[in-house]
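Residue numbers for the first sequence, in the working numbering: 15 to 291.
Idealized CB from N, CA, C, for every residue including glycine.
This one's a predicted model, so the numbers in the text were calculated from it and none came from an experiment.
Quick notes on the structure that follows.
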Amino acid sequence: MPELPEVETIANGLHKRVAGDVIESVWIGDKSNLLKSPAVEIAKMLEGAEIAHARRAGKHIVIDLAEPRRRKDSAHKPRGQWIVHLGMTGRVLVCDVGTEQAKHTHLVAQLRSGRELRFVDPRRFGKLQVVAAESFRAPGDEPIGADRERFIKMFKGRKTPIKSALLNQKLLSGIGNIYADESLFRSAIRPRRRAATLTRNDLMRLYDAIQVVLAEAIAAGGSSVSDYVDANGDEGFFQLEHRVYGREAEPCMVCATPIKRVVIAGRSSHYCPKCQK
DNA sequence: ACTATTTCCTGGATGC
DNA sequence: TGCATCCAGGAAATAG
């Protein structure tokens with residue numbers, strides 16, 4: 015499930031591979047629940063555009079599109095932004111034209127270089143959207159390098175479990191189930207604790223844990239659970255570093271107490287009942 | 001203004 | 001082996 019570190023890895027890989035290329039034509043499938051913008055608008059925005067930049071914002075891939083340059087050294091004239099959300103099982107692939115089309119391929123963009131950008135998503139929780147140039151904003155704050163005081167205030171008065179608050183993208187954009195559980199373990203906070211009951215000290219530790227966990231995960235190329243791979247088709251390695259996620263009944267790496275799994279906000283939540291208070 | 005619950009969707013795992 | 005059922009979860013929609 016792509017969260018911030020996975021999306022960062024994919025977006026950076028995508029940038030390296032397709033920046034400067036031009037989209038010549040686009041095919042869009044008929045599964046309209048994936049589209050946040052009408053298919054014709056997406057096609058109009060993409061066709062003929064140069065891919066100026068691909069990057070991450072929250073869990074979104076932001077692809078800046080520009081009018082094609084007549085000369086190599088002329089300036090980019092922005093055209094708009096193509097926003098890709100991978101949902102649970104979404105993938106953006108860079109393929110040679112001859113590569114067999116995967117099942118559940120919903121968009122294919124032919125590139126001037128002869129390759130294709132393909133969006134594949136079996137579960138169709140992903141979203142495709144186009145917006146005006148430089149207009150896209152993730153719904154909440156960027157967790158990496160967030161302002162500490164703003165972070166601490168964010169949870170004030172919230173009765174919801176801290177785990178739910180971390181998953182709320184309108185507060186922080188980018189943290190999902192894995193990194194919420196891992197950050198709470200590293201800051202010794204139980205996922206069910208009501209956000210408002212966390213002390214300043216708790217929140218400082220949580221802030222630090224989020225920074226460390228996300229940085230380590232990005233360095234490892236993300237976590238490969240289920241079928242996540244990056245733009246090159248390579249797996250990440252952070253799943254080997256998970257201390258609680260997916261480790262129900264296995265011994266805590268610190269105290270050997272069996273890891274517990276409970277459901278919070280409909281999501282599996284993993285914690286050590288001894289280490290986390 | 002918040003919070004909790006339901007819904008969308010397929011494939012892999014599980015059970016009989 | 002085959003078939004039914006369950007489960008994974010990001011985020012929008014809905015209900016309270």
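- Unbroken alpha helix (DSSP H) runs of no fewer than 4 residues, entirely contained in the stretch 153-220, are found at 162-168, 176-181 and 191-200, following chain order.
- Taking GLY280 as reference, the option from VAL227, PRO205 and GLY236 with the minimal CA-CA separation is PRO205.
- The stretch 102-110 makes contact with the stretch 23-37, as at least three CB pairs between them are under 8 Å.
- Counting C-beta atoms within 10 angstroms of its own C-beta, LEU131 has 16 or more neighbours from the protein chains shown and is therefore classed as buried.
- When DSSP states are grouped into helix, strand and coil, SER46 belongs to the helix group.
- For PRO19, the enclosing alpha helix (DSSP H) starts and ends at 18-32.
- Bounds of any beta strand (DSSP E) do not take in ALA57; it lies within the alpha helix (DSSP H) bounded by 53-60.
- Distance from the CA atom of LYS167 to the CA atom of LEU185, rounded to whole angstroms, is 11 Å.
- The DSSP-derived three-state label of GLU262 is coil.
- CA-CA distance, LYS91 to PRO153, rounds to 26 Å.
- Nearest to CYS269 by alpha-carbon distance, out of PHE199, CYS289, VAL122 and ARG208, is CYS289.
- A contact between stretches requires three or more CB pairs, one per stretch, nearer than 8 Å, and the stretch 36-49 fails this requirement with the stretch 145-160.
- Under DSSP, LEU79 shares a beta bridge with ILE65 and GLY94.
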